[in-house]
Each structure stands twice: as structure tokens, then as C-alpha cells.
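Engineer: So the first sequence is numbered by the numbering used here: it starts at 21 and just counts up by one. Structure below; questions to follow.
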Amino acid sequence: MKYDFKAIEKKWQQRWEEEKVFSAKDDFSKPKFYGLIEFPYPSGAGMHVGHIKAYSGLEIVTRKRRMQGYNVLYPIGFDAFGLPTENYAIKNGVHPRVVTDKNIARFTEQLKRVGFGFDWDRVVDTTDEKYYRWTQWIFLKMFDNGLVFRDKTLVNYCPSCKVVLSNEDSQGGKCDICNSDVVQKSKDVWYLRITEYADKLLEGLDTVEYPQNIRMQQENWIGRSYGAFVNFKIKDLEETLRIYTTRPDTLFGVTFMVIAPEHPLIEKHRARIANIDALDAYKEACAKKTEFERTQLTKDKTGVKIEGLSAVNPVNGKEIPIFISDYVMMGYGTGAIMAVPAHDERDYEFAKKFGIDIIEVIKGGNIEEAAYTGDGQMVNSEFLNGYDNKKDSIAAMLVYLADKGIGEKGVQYKMKDWAFNRQRYWGEPIPIVHCEKCGMVGVPYEQLPLRLPEVENFEPGEGGESPLAKIDSFVNCTCPKCGGKAKRETDTMPQWAGSSWYFLRYIDPLNDDCLADPEKLKYWLPVDWYNGGMEHVTRHLIYSRFWHKFLYDIGVVPSAEPYAKRSAQGMILGANGVKMSKSLGNVVDPLDVVDQYGADTLRTYVLFMGEYGTAAPWNESSVKGCKRFLDRVADLPAKVKGEGETAALTSALHKTIKKVSSDIEEMKFNTAIAALMGLLNEVDKVESITKDEFSVILRLLCPFAPHLCEELWEQMKGEGLCSLASWPTYDEAKTVDAMVEIALQICGKFRGTLMISKDAGKDELLAAAKAEPKIASMLEGKTIVKEIVVPGKLVNIVAK
RNA sequence: GCGGGUGUGGCGGAAUUGGCAGACGCGCCAGACUUAGGAUCUGGUGUUUUCCACGUGCAGGUUCAAGUCCUGUCACCCGUACCA
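Listed below in C-alpha cells is the structure:
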């Protein structure tokens, strides 16, 4: 029967709010559970069903934990700085503060209507000056600890957004925000020295519970490799060319060298180089390409030989040519490589194209056809000949290099330092003052927050500078150190800043004396379980781990890692199986579903639709199926009679408690719900159920459909709130049926079943199987070769 | 290319240590109640003509027994992109 979900939802959402049912208490005597979801960016579009799924996973886990007696922290907040809001503000002539407040209010309303058990007393807003004061504070601490620097460099610049982008924000040569083509531009930018934490970020992965794919993505992103730096002499000059290689074992196979087109060697020796015009032309052509175009040309190798400079192989004295080519990047290693065409695919391709010698130094492949990158016996390598594996030859070569002073072992990372700035208004002002005498000086801690000034016009300047640069009263200031005239930094922080530490502020959101009370941090950290999208597992997840590790090193937080466990939800696709988008018209508004079917149906459906971590298409009919299930649950009170446990339902009930309990822990919500549906089907088969049995059903279902369960709990005269009732426990012995069905097989083929006591022994099972008429007739006249009996499962008789 | 993952009915998806493939839901079919059904309830539903047989991308293999283990192969998805 249909029930009045609208009235019920309103009633219980009010009760929960009035009684602060989901507010975490700072009661350090209780066991704690800190569940964290990625806080939303409060966009003007409002919530998406994807948000609902993203928050529903830990919603279930935290509700279960609460019922299990944990002190639960499940907070929510808003990551509200950022470009979309600013662009909307510019376009409509409204202050971003106003837009942000409006959007946050809307999101809050929507989240509450779905009935999430968030702690609404701890909401954080990254654009609140009481919050960003501490974002600036952390930045200054990093500045004081040498982790902030400024450098002039080629940056990814979006001409449309007029903003400098990090490599992470311009992947594929497209701006992450507006998707237009990114160009290269030289600019002074701020950097955070995240590479200093590369090893700690890698090694910390051993101490946390991340799924394999997330761990791999982080490892690849950091990209640590071990190898060697080797110095090659330039012939006839007092000059060396330093290279990085992971394969020092192949040094005898070097037949040429390649340096990046921007390598300083060329500038330094212009006069000696005969074909300098050709090199300049090549370099210019490369500079015009974006990083994306440059990496797109994977197949066709290009380059120019430097006429007038050549190198000397330090291990055998052979003279080798030097080329420039764009397949060598200035930003990795030393911007120069030794090329071993016999054992590196790129070098092989290049050598073939330019007709360079290919010398085999490792046996095992056919270098006439392709580079051989595998292991094998060393040849043509003097003292290395005879070694038969990479590991040993590398070790021997490293000793040799060190002895002769030609090189040394080294480590390289793919990860680069974090470009940490935006030339926009709606972000945290970087709290630095530029003084002519003192240089860069941090704003004194007691002067934080450094507030965003009011401006007339939020548009960035034509040169790409921040709108803050136009406010003289903001820019002109005195140096905190010497009191002389100084200018304020006008860049703001990137959006990743506020989200790099928000989980710490939830622990003590109103503290004005410090980022959060150390005692509270000690109790609540680390976050026990963090769920979010796969799109954030490299950037946000690495950035926030970096900040946290820094704060740990300076003694602000008590745990080396912020998140003990991480999981990720899959996307909700449109009904047509593709990503939901406005232009395709396949977007589902969660509030429409709440209006039509109720919040409990929406909550149940987003978890029932498929495996939590996998993308699944929206299906309105299936939504109705979940509604039907809840309608049937709403009918149950008519069936409740008496108390205690009834024989008919006991094992089904205990099995379901077991299944739902363990499935929730593994985020297998779809099968947990399926088990509850199955239990309801069992209930349909019996005349009546007891109050105690009904109570178990309500408590198991409560995390998924809390409004309905609270209502039925009240009708049943349950004690207190269902959301705070104890999580049901099961008796393992009662999960087993007295009679079990045994599969009967002959020669491995299924031939029927047999009902027998669960305690039946092997002999008894075999006898019973042979007594079955069908089995007996099939065995007639045959010789039994083998008999396999698996108690509780099957009997298989092999006969000829 | 490399790294991670996935292939099961008409659809979304289930299947401890190998042990009755297709749980649960959708859809579909039939029936009931209805003036009506796009509501609700009951029954059925992998393929095939009942038994038999065949069925988890494809081809082999191990085993009494394979969706599950092994070898090879194909397709798709996600991440990454000349990282020396």
C-alpha cells in the first residue's frame, strides 16, 4: 500500500534536526568513527543525483556505526571558492559572496530533504574568512618552512579564463574549467614544493587502506624512478653534459645523445655551432606547440643534429653526436639523455630515421627489427660482459661510475612542484607582501585573515593579472618587517587550497585560536573512511595528503596520514547509458525523484542500481521497483502479532542480519538491499511476524530508508528513535537451516536434489543419495569409480 | 604503448575456500480485482520441442566438478601519455 511519504519525511527531518540526532559529541570516552565525503562545490545548478550516490555510501556506513554505539562524525561543508561562481557573478553583476550564499542555502535545503545524517552544527564554508584565515595560516607556515617559492617559468595559460593553470588543470592541453586550448606563457608563479614530500607520499601508501587502482594511480602520478646521473664530456671543451638514465647498464651501447630544444647548452655555445639557424628554427617550432601537441606526435620522431658539438662516452672514449629533439623534455631529469637505440624504443626509432649506429649490449632480441628492452646477457660491454641480468649489471656500473667520478646514482619523479596561484578574485588572497628592501615577507599571523577587498569589477586584467591588482588600497601597504613601502601579492590561491585541509576543520569548526584543538584532533584523526570520486584520487587526494604530512611534521596534527581508508563511487549515467549532461537532456534532478517517489526511494535506488564503485545507468522503472518494496514494508504492521522469534523466520532473519551487516562493510549495498527484499518475500509466506522480528527488519532497513523506518518504529512503540536503536546482532548457529538441500550429481552432471538434516554425515548422505529413485536407476548396471561427498553441499557419484 | 579493470538472460546485476549459474529488481507473458489500468495482487519467465541437450566474450587445458584456477586470444571501459 502506498504511504504518505511527504508527511513522514517532513515530520522526521524536523525531529532529527530539533533533537540534533546526528551531531557528533566530543565525548572522548566513546569509540569514534569519522566518515568523510568530498564536500560539494555549491554550483548554481543545484544538486545532481551523482551527489546523492556519492554521499549515500558512507551515509549507510555511518548510520550503522551510530547504531553500533560509535560516536560518529559525518560532516558536510562547501568548497565554495572557484571560477564558475566568479564567472556567474561577472556576467550577472552580483557579488560572488551573494551567489555563494544563495547556492549554499539551496544545497543545504536539498541535502536535508534527502534526509542525510550529516552533522549540521559543523558546516564549513571555505570562503568564510574564519575558515580561510587558517588556509592562509597553513600557507604561511609552509612559507616559513621553505616549501613556498616563486619562479619564472613557462606556464599553462588559458586565454579564455585568463588564468594560469597547473599541469593537473590542463591535462590534454585543454583548460579544466572552460575546455579551451591552453597556451604556453612565461610568467612568475607561486609554487609549493610538493616534490619534497614525494617519498613520504609514496611510502605512506603502505600504511593506509586504499584500493589497488587508487594506490596505483598515486604511485604513477608521483612516478619515482631509480637510476643514475652520468656526466659526458663535450669534445674539445671544458664542459660536461649531464644526463639521467634508469639504464646505466647500457652505457656501452650509447651511440648518440639527445637534448631538449630549450637546453642551455645551445645558448652557451652558439658561436661554435655551425647550424645554429636550423636549431633555432626547430626550437621555435616546438615552442609554438602546446604540451599536448608535442606529446601527440608519438610516432614520428623529429630532430636536428648539432653541428660543431659532440660528446665523449665516458666509459669507452668514443665520440658521439648530439641532437636536439622534442621527445626529450626540459622538465624531467636533466633535459638531456644518452641514447641507446638497441635497447630503447624511442631511441631506436630516432636512430633508424637518422641512420645512426645501433650497438647491441644485451643479448636476447633481434636488433635488426626492434629495440630489445628485456633482460639478458651483456655483450660488447667490456667489464660488464658476462653479467646476465639488469640488476647486477646496473649495480656493477654504479660502482664503476662512482669510482671513476663520472656519475652517481639518482632518483627522479614525474610529479612536479605544485603551481599554486590564480589571477582571479574569488579565492584566498596569498598573504605575502613584496618589499623592495626585505623581499617577500609573510603577513604576520596575528593579522590573518587577510580579507578579500571589495572590488567594483571582478574581471581579470588583460595581461592576466588578478582583479586585486586594480585596488590601490589593497596593493599598497607597509612592510611588516621594516615598515617601509611595500606591495601586496595580488594572486589568489587555487581552488585546491581550501579542500586540502577541510576535514581538519570539521573537528573544531568554530575555533578562533587555532586550526583545531589538539585534543580533539587526537581523538578524531585519522578520518576512518573517505569516499569520493575517482577524478580526485590524484590531485585532491595527493594535495591534501601533502598538506596533512606537512602539518604532521610541524606538530599540528597527530597522524601521519589523513585518511585511513579510501573508496570511490561510480557515476550515475543517463538512461541512455551515457554521462548525464544538460545538452543531452538526460539529467535527473534528485528533488524530482524525492517529490514523486520520496527520499527513501531515492536513497534505496541509488544504492540498489548496481555495484557501488561502478557506473550504472538511471532507470526509472527500477526506481518504481524500490518504491514498491518500501510500500510493501509499510504494510507490515498489519502482520505483527506477539513477541519473540518464530521458527519459520528465524534462520532467514539471522542470515539477513549477517548478510546486511557484512555487505555494508564491503559497500555491497545492492546485495544488502536485495537480501532485505528477499527477507520480505519470506515474510510474505508466513501468516504473521512478531514485534521482535519486525524490529529487526526496521533496524536493518533504517540506514537506507530512515524516514519510513522511524514512522513504523513509532507506530510499533519502539523505544526512542529507530536511528539510535541498536544494530541487530545474529547468532551464527541460527543462520543455518535444520534441513539443507543437497545437490546430486552423476559424473559431475546435476541430476537432482535431496533434503536432508544439516548434521547428516558422509555415509548417511551417500546412502540417501543412492536411495533416490532417479539416481538409483541411473546407476543401475554401472560400476562406481569414485564417490565425492561434500557435507551441506553435494554428492557426486562417478560411474562407468 | 604502459598501468588498472570489466566481459554472465531482453535490461541493471547476483553467485565464501572451485560445488545446483542467473539471487534481487526491472521488463515481458498469463491470470485476478476493476467502468478503466500506465494502480495493486497471484503465477510464469536463460536457450531449445517435454525428457535429453546447450549455455558466463572466444580457443584450449587442469579437475569427479570451472563464471571461479592455468595458457593463449578478442572486445570494451577508466587512468596515463615520448618520464629517459
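Think of the CB as a built atom: it goes at the ideal place given N, C-alpha and C, for glycine as much as any other residue.
How close, in whole Å, do the beta carbons of LEU785 and ILE762 come, if the pair is a contact with beta carbons under 8 angstroms?
Structural biologist: Their Cβ separation, rounded to whole angstroms, is 6 angstroms, which keeps LEU785 and ILE762 in contact under 8 angstroms.
Engineer: Whole angstroms are fine: how far does the CA of VAL495 sit from the CA of SER486?
Structural biologist: Answer to the nearest angstrom: the Cα atoms are 11 angstroms apart.
Engineer: Using DSSP with H/G/I as helix, E/B as strand and the rest coil, what is GLY427?
Structural biologist: Looking at GLY427 - three-state DSSP - the assignment turns out to be strand.
Engineer: For PHE127, I'd like the list of residues in its chain whose CB is within less than 8 angstroms of its CB, leaving aside the five on either flank, ordered along the chain.
Structural biologist: Excluding sequence neighbours, PHE127 sits near PRO60, PRO62, GLY66, MET67, PHE98.
Engineer: For ILE340, tell me which candidate among LYS22, GLY70, ALA371 has the shortest Cα-Cα distance.
Structural biologist: Nearest of LYS22, GLY70, ALA371 to ILE340, Cα basis: ALA371.
Engineer: DSSP puts LEU93 in a beta bridge; with which residues?
Structural biologist: Per DSSP, TYR54.
Engineer: Mind pulling the alpha helix (DSSP H) runs of 4 or more residues that sit fully within the stretch 83-148?
Structural biologist: Within the stretch 83-148, the complete alpha helix (DSSP H) runs of at least 4 residues are 103-112, 116-134.
Engineer: So what does DSSP say about SER777, is it helix, strand or coil?
Structural biologist: SER777: strand per DSSP, three-state reduction.
Engineer: So for HIS556, helix, strand or coil by DSSP?
Structural biologist: The answer is helix: DSSP assigns HIS556 an H, G or I state.
Engineer: How many Å lie between THR510 and GLY166 at the Cα?
Structural biologist: Whole-angstrom Cα-Cα distance: 21 angstroms.
Engineer: ALA758 by DSSP, collapsed to three states: which one?
Structural biologist: Three-state DSSP puts ALA758 in coil, outside helix and strand.
Engineer: What is the rounded straight-line gap between the Cα of LYS599 and the Cα of ALA636?
Structural biologist: Approximately 10 angstroms between the Cα atoms of the pair.
Engineer: Determine the extent of the alpha helix (DSSP H) in which CYS729 is found, giving its start and end residues.
Structural biologist: CYS729 -> alpha helix (DSSP H) spans 726-735.
Engineer: Between the stretch 590-606 and the stretch 225-242, are three or more C-beta pairs nearer than 8 angstroms?
Structural biologist: Touching, no.
Engineer: Output the residue ranges of the alpha helix (DSSP H) runs that lie fully inside the stretch 535-589 and measure 4 residues or longer, sorted by chain position.
Structural biologist: If we require 4 residues or more, the alpha helix (DSSP H) runs fully inside the stretch 535-589 come out as 538-544, 559-573.
Engineer: Looking at the structure shown, is GLU229 part of a helix, part of a strand, or coil, going by DSSP?
Structural biologist: In the structure shown, GLU229 sits in a strand (DSSP, three-state: E or B).
Engineer: For a quick check, are the C-beta atoms of GLY406 and MET398 less than 8 angstroms apart?
Structural biologist: It is a contact, given that the beta carbons lie within the stated cut-off.
Engineer: Enumerate in chain order the residues of its own chain whose CB-to-CB distance from LYS220 is below 7 angstroms, with the five nearest sequence positions on each side excluded.
Structural biologist: The answer, listed in chain order, is LYS569.
Engineer: Could you round the C-beta distance between LEU699 and ALA672 to whole angstroms and report it? I think they count as a contact, below 8 angstroms.
Structural biologist: Indeed they touch by this definition, with Cβ atoms about 6 angstroms apart.
Engineer: With 16 as the cutoff for other CB atoms within 10 Å, does ALA753 come out buried or exposed?
Structural biologist: By the neighbour-count rule (16 or more Cβ atoms within 10 Å), ALA753 is not buried but exposed.
Engineer: Keeping to the same chain, check which residues put their C-beta closer than 6 angstroms to that of ASP395; ignore five residues upstream and five downstream.
Structural biologist: Excluding residues within five positions, the ones whose Cβ falls inside 6 angstroms are ASN409, LYS410.
Engineer: If you follow the beta strand (DSSP E) that CYS455 is part of, which residue opens it and which one closes it?
Structural biologist: Where CYS455 is concerned, the enclosing beta strand (DSSP E) stretches over 452-455.
Engineer: Roughly how many whole angstroms lie between the Cα atoms of GLU663 and GLU685?
Structural biologist: Cα to Cα, GLU663 sits roughly 30 angstroms from GLU685.
Engineer: Going along the chain, which residues of its own chain have a beta-carbon closer than 7 angstroms to the beta-carbon of LYS794, five neighbours each way excluded?
Structural biologist: Same-chain partners within the cutoff: ARG771, GLY772.
Engineer: For LYS457, which of ALA125, LYS505, LEU212, GLY812 has the nearest alpha-carbon?
Structural biologist: Considering only alpha carbons, the answer is LYS505.
Engineer: Cα separation between ASN386 and TYR392?
Structural biologist: Their Cα atoms are separated by approximately 7 angstroms.
Engineer: I'd like to know if the stretch 674-690 and the stretch 726-744 are in contact, where contact means that at least 3 CB-CB pairs between them fall below 8 angstroms.
Structural biologist: Segments in contact, no.
Engineer: Could you have a look at VAL810 and say whether DSSP puts it in helix, strand or coil?
Structural biologist: Strand.
Engineer: By how many angstroms is the C-alpha of TYR230 removed from the C-alpha of LEU299?
Structural biologist: Rounded to whole angstroms, LEU299 to TYR230 spans 48 angstroms at the Cα level.
Engineer: On the DSSP letters alone, give me the boundaries of the alpha helix (DSSP H) that GLN34 sits inside.
Structural biologist: 25-38 is the extent of the alpha helix (DSSP H) around GLN34.
Engineer: Candidates ALA44, ALA27, LYS31: which alpha carbon is nearest ASP528's?
Structural biologist: When each option's Cα is compared against that of ASP528, the closest is ALA44.
Engineer: For the beta strand (DSSP E) holding ASP208, just list the boundary residues, first then last.
Structural biologist: 203-212 is the span of the beta strand (DSSP E), which, as asked, contains ASP208.
Engineer: With distances taken from CA atoms, which of TRP32, GLU38, ILE72, LYS50 is nearest VAL626?
Structural biologist: VAL626 has its Cα closest to that of ILE72, out of TRP32, GLU38, ILE72, LYS50.
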